[in-house]
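Undergrad:
2 protein chains.
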Amino acid sequence: MAEHDHTTLDENLRAEELREIWSLADSDEKVEGFRALSFLEAEALFLSLDTRAQGELLTALPHNERQMWLRQLPPDDAADVCQEADLDTREALLRLLDEPTRKEVSALLAYAEDEAGGLMSPRYVRLRPDMSVDEAIKYLRRAARERAETIYYIYVLDAEQRLVGVVSFRELFGAAPERTVRDVMRTSVLSVRDDLDQEAVANFMAESKLMAVPVVDGEGHIKGIVTVDDIVDVVREEATEDIQKIGGTVALDAPYLEVGVRELVRKRAGWLTVLFLGQLLTATAMAYYEDAIARAVVLALFIPLIISSGGNSGSQASTLVIRALAMGEVRLRDWWRVFVRELGTSLLLGLILGFIGLLRVVLWPTRETLYGEHFLLIGYTVSVSLVWIVVWGSIAGSMLPFVLHRFGLDPASASAPFVATLVDVTGLVIYFSVATLFLSGTLL
Amino acid sequence: MAEHDHTTLDENLRAEELREIWSLADSDEKVEGFRALSFLEAEALFLSLDTRAQGELLTALPHNERQMWLRQLPPDDAADVCQEADLDTREALLRLLDEPTRKEVSALLAYAEDEAGGLMSPRYVRLRPDMSVDEAIKYLRRAARERAETIYYIYVLDAEQRLVGVVSFRELFGAAPERTVRDVMRTSVLSVRDDLDQEAVANFMAESKLMAVPVVDGEGHIKGIVTVDDIVDVVREEATEDIQKIGGTVALDAPYLEVGVRELVRKRAGWLTVLFLGQLLTATAMAYYEDAIARAVVLALFIPLIISSGGNSGSQASTLVIRALAMGEVRLRDWWRVFVRELGTSLLLGLILGFIGLLRVVLWPTRETLYGEHFLLIGYTVSVSLVWIVVWGSIAGSMLPFVLHRFGLDPASASAPFVATLVDVTGLVIYFSVATLFLSGTLL
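Protein sequences, first through last, are from chains A and B.
Numbers given in our numbering equal positions in the first sequence, counted from 1, plus 5.
Numbers given in our numbering equal positions in the second sequence, counted from 1, plus 5.
#1: Find the nearest neighbour of Ser351 (chain B) within the set B:Leu23, B:His379, B:Ser320 and B:Leu54, judged by alpha-carbon distance.
#2: In this structure, what does DSSP give as the bridge partners for Pro219 (chain A)?
#3: DSSP three-state call for Tyr293 (chain B): helix, strand or coil?
#4: Gly253 (chain B) CB to nearest chain A CB: under 9 Å?
#5: Please report the distance separating the alpha-carbon of Gly446 (chain A) from that of Asp339 (chain B).
#6: Rounded to whole angstroms, what is the Cα-Cα separation between Leu269 (chain A) and Ile248 (chain A)?
#7: Mind listing, in chain order, the continuous beta strand (DSSP E) runs of no fewer than 3 residues lying wholly within the region 86–168 of chain A?
#8: I want to know whether the region 134–152 of chain A touches the region 254–271 of chain A - three or more CB-CB distances under 8 Å.
#9: Between the C-alpha atoms of Leu23 (chain B) and Pro67 (chain B), what's the straight-line distance to the nearest angstrom?
#10: Under 9 Å between the Cβ atoms of Leu442 (chain B) and Thr386 (chain B)?
#11: My output table needs one value for Thr245 (chain A): the three-state DSSP class, helix, strand or coil.
#12: Of all the CB atoms in chain A, is at least one closer than 9 Å to the CB of Ser157 (chain B)?
#13: Considering Glu347 (chain A), what are the terminal residues of the alpha helix (DSSP H) in which it resides?
#14: Tell me which residue opens and which closes the alpha helix (DSSP H) that Lys35 (chain B) is part of.
#15: So if DSSP puts Ser314 (chain A) in a beta bridge, which residue, or which two residues, is it bridged to?
#16: In this structure, how does DSSP classify Val264 (chain A) when only helix, strand and coil are distinguished?
#17: Is it buried or exposed for Gln59 (chain A), if we count other Cβ within 10 angstroms and need 16 for buried?
#18: How big is the Cα-Cα spacing for Leu102 (chain B) and Ala90 (chain B)?
#19: Taking 9 Å as the CB-CB cut-off, is Arg150 (chain B) touching chain A?
#20: How many angstroms separate the CA atom of Asp81 (chain A) from the CA atom of Ala425 (chain A)?
#21: If you measure from the beta carbon of Gly38 (chain B) to each beta carbon in chain A, is any gap under 9 Å?
#22: Tell me, please, whether the region 188–203 of chain A touches the region 209–227 of chain B by the rule of three or more beta-carbon pairs shorter than 8 Å.
#23: Report the rounded CA-to-CA distance for Arg241 (chain B) versus Ala292 (chain B), giving the unit in angstroms.
#24: If the cut-off is 8 Å on Cβ atoms, which residues from the region 292–311 of chain A count as contacting chain B, listed in chain order?
#25: Output, in chain order, the set of chain B residues within a Cβ distance shorter than 8 Å of Asp339 (chain A).
#26: What residue does the alpha helix (DSSP H) around Trp74 (chain B) start on, and which one ends it?
#27: What does the alpha-carbon distance come out to for the pair Arg71 (chain A) and Arg57 (chain A)?
#28: Using a Cβ cut-off of 8 Å, pull out every chain A residue sitting near Glu212 (chain B), in sequence order please.
#29: Looking at C-beta atoms only, is the number of pairs between the region 321–340 of chain A and the region 363–370 of chain A that lie closer than 8 Å three or more?
#30: Please specify which runs of the beta strand (DSSP E), each continuous and at least 3 residues long, are wholly inside the region 167–197 of chain B, giving them in chain order.
#31: Which residue's Cα is closest to the Cα of Leu433 (chain B): A:Asp238, A:Ser213, A:Gly384 and A:Pro309?
#32: If you follow the alpha helix (DSSP H) that His410 (chain B) is in, where does it begin and where does it stop?
#33: So, at 7 Å on beta carbons, what are the nonlocal neighbours of Val343 (chain A) in its own chain, with the 5 sequence-adjacent residues on each side left out?
#34: So, for Ala181 (chain B): in the same chain, excluding its five sequence neighbours on each side, which residues have a beta-carbon less than 7 Å away from its beta-carbon?
#35: Distance check for Thr192 (chain B) and Ser318 (chain B), CA to CA, integer angstroms please.
#36: Over the uninterrupted alpha helix (DSSP H) stretch that includes Phe437 (chain A), give me the two end residues.
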């Protein structure tokens, strides 16, 4: 990344260094470093911080600086900072804003952080349809100097504040000055409802390739706009949450290195303990087959192999389905299509692994010393179990996200470890059932 | 999503239906449905398709329509379509473009798809520093009607085409008409190198919160711009790839339901087979402990529990580190800090699981029938093994992404199943070593 800067080299270094050590620095060091920067450098650093870090820095700054920096934030970002703060701090922060901004921010605070209303900026530009293009451009010139979030999409409202059209600045700018806004606007306006989930907003914007989309309430009144730069953050945040859940952790909500060890343990111990309690069922299942193992110890040798093959194919299936659901590529009603595909796919995968497993047992040089005279039957047991377990793992892994989704839970909670645990217990039952089938009368 | 549309309701329904069934339809149905739409609906549908689907549709259309639709694409998107096509088709597609666009697209084809040069649009707006604001606005009015990707950021170049400043359209528009561009431009211009990886471009843009960033070559010459709407696609695509890899699959590169079963098997069988071959080592390790199991069958009961606890904690650690690396929150040189944190965290997690494991064995009502007179020693074995295995799983899981990254491989390949497999084999060794320690002279 090249940087041509009119601040001094020294300042640049300082800002860069400060950013580097930000996650390690304590509150005093951050404030000290931040106040040593030029205004431009400090502004760039402040605006690049995430909401949590902005809130921390603001809290640590003296009153007049806190006010100055809070007022640098656009209302949607200021609302995010307020939303993260506890109720008392929130009130104190709101009092630092000027009157019109305070009203805007308070209105935004009524929305949940993760829905369209919580993402939007109230500072869109609105026009009446009967203005001339020339009048509109003059008006926008004023708006550009003032407070609009973007002047690049302009929304046309009727007398009841309902959205009737949209025109890009560029179209307006390129149009003949004496035409009216009505002549140049598009009446086909894509919009999102204010209570739409932010992941759905992101999918919608990615598909429509718009730079901004208006947010409307149930009556079609425009409440604000969501711009594509906010969507980048949403997409990153949602993907991080999903990845962390897939890994079997509660979402961290902060950069890894900035989460304390105590917090890290708290966020990981919950799921790990639940999974462990689930895994304890394997000990119970195993106890049930203790006699079988005592009679044919050789069966124990393949237990890790068998159960982890089920877990691995289950992880594959669940992560593919979780991501496809999150991207909007697969919907709840597609479960049957997914089921059929997974059945076919996993049968083939199971046959591949089963075949390798069979070869491993029956062609192993020391097969008779290791597995005894019935090595062929052991081979069949391992091989047939693998086919069933891979099929079962894939079906369970692919259907679980749908089940969670159906009951209003996050499909990403069908984490790889969760699916593996689920499949482990049932995998043991499959393995020992198949073993009984093949080995009754010989080893068992 | 509300839609106010001046196309007929019927057409809307058709477009919506077509989008719904797109992944299921065959080529003829797609063409037929597409040609039945109004131009505006067809345009919206075409532009919303991903690169692969655009290429397929173009190939299926008759020559004159193919030309018309290809020319609707901005040069960066046209270049993506050409890049996906085989060499012959690529030449044929290029011939359909008008001369200036063909030059632009050919220049873009020189870049890899996943670097800044492959993302950028060559249609940025450039100005000379000594133009007046008024002249600049007049010039932009022309550019707005013509071919610029965006007129919202304007780049100021010196006589050698080097980037010397940037001004947003809004700043220019709000400035006094008689001032020069030099007066109103910012000389502190953030830019990215043309060979920078697209994930790094995305992290950079997310942090800087810019709507567009110029792309420069090694000599500081501007080559194009990357706009934030392209970044949304990059972030989604990269997250999907990472999630699929974490689940132990090769990246699908297409929506789940559009990948054929044969392809799905091919993409999953590779890793699954590698993991299976790795798991075969568990059978070898187990054979080594066969005598121990024969003497103390009770040891076998806890094998699934022990090894999956290692796998689960390893999955947690590896996914957290993979995501932190991808987000740029953690860098290669931070490995030691991660190591220390994981050591502390996993020790606590191990103690929690070890404690529950101990209680499970020593407080179980039928402990003496199930585990024999030495149930307390069995409890210690399980408990101490769990501590070590959770620590080992977390350390292996958190360090593996760094190792892969260090050797130029994708950290996301340290998938949950891969880590689980790695930890399974070593977990068995840990478990039986601890068992030998506690049970020698009694059960072993």
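All C-beta atoms in this analysis are idealised placements derived from N, C-alpha and C, irrespective of residue type, glycine included.
TA: Per the coordinate set shown:
#1: B:Ser320
#2: Pro219 (chain A) is bridged by DSSP to A:Ile230.
#3: helix
#4: yes
#5: 59 Å
#6: 16 Å
#7: 130–132 and 158–162
#8: No, because fewer than three Cβ pairs between the region 134–152 of chain A and the region 254–271 of chain A fall closer than 8 Å, the two stretches do not touch.
#9: Their backbone Cα atoms lie some 19 Å apart in a straight line.
#10: Cβ distance < 9 Å, so Leu442 (chain B) and Thr386 (chain B) count as in contact.
#11: helix
#12: What sits at residue 157 (chain B) in the sequence shown is Tyr, not Ser. Yes, Tyr157 (chain B) lies at the interface with chain A (some Cβ there is under 9 Å from its Cβ).
#13: Residue range Trp340 to Val367 is occupied by the alpha helix (DSSP H) that includes Glu347 (chain A).
#14: Ser32 to Arg40
#15: Per DSSP, none; premise fails for Ser314 (chain A).
#16: coil
#17: Label assigned to Gln59 (chain A): buried.
#18: 15 Å
#19: yes
#20: 41 Å
#21: no
#22: no
#23: Using only the alpha carbons, I get a separation of about 45 Å.
#24: From the region 292–311 of chain A, only Ala292, Glu295, Ile298, Ala299, Val302, Val303, Ala305, Leu306, Phe307, Ile308, Pro309 and Leu310 have a Cβ closer than 8 Å to chain B.
#25: Leu262
#26: Residue range His68 to Leu75 is occupied by the alpha helix (DSSP H) that includes Trp74 (chain B).
#27: Our two residues, Arg71 (chain A) and Arg57 (chain A), have alpha carbons roughly 15 Å apart in a direct line.
#28: Ser53
#29: no
#30: Counting only runs of 3 or more residues that sit fully inside the region 167–197 of chain B, the beta strand (DSSP E) segments are 168–173, in chain order.
#31: A:Pro309
#32: Phe380 to Arg411
#33: Val326, Val335 and Ser403, listed in sequence order.
#34: Val138
#35: Cα to Cα, Ser318 (chain B) sits roughly 49 Å from Thr192 (chain B).
#36: Ala421 to Leu444
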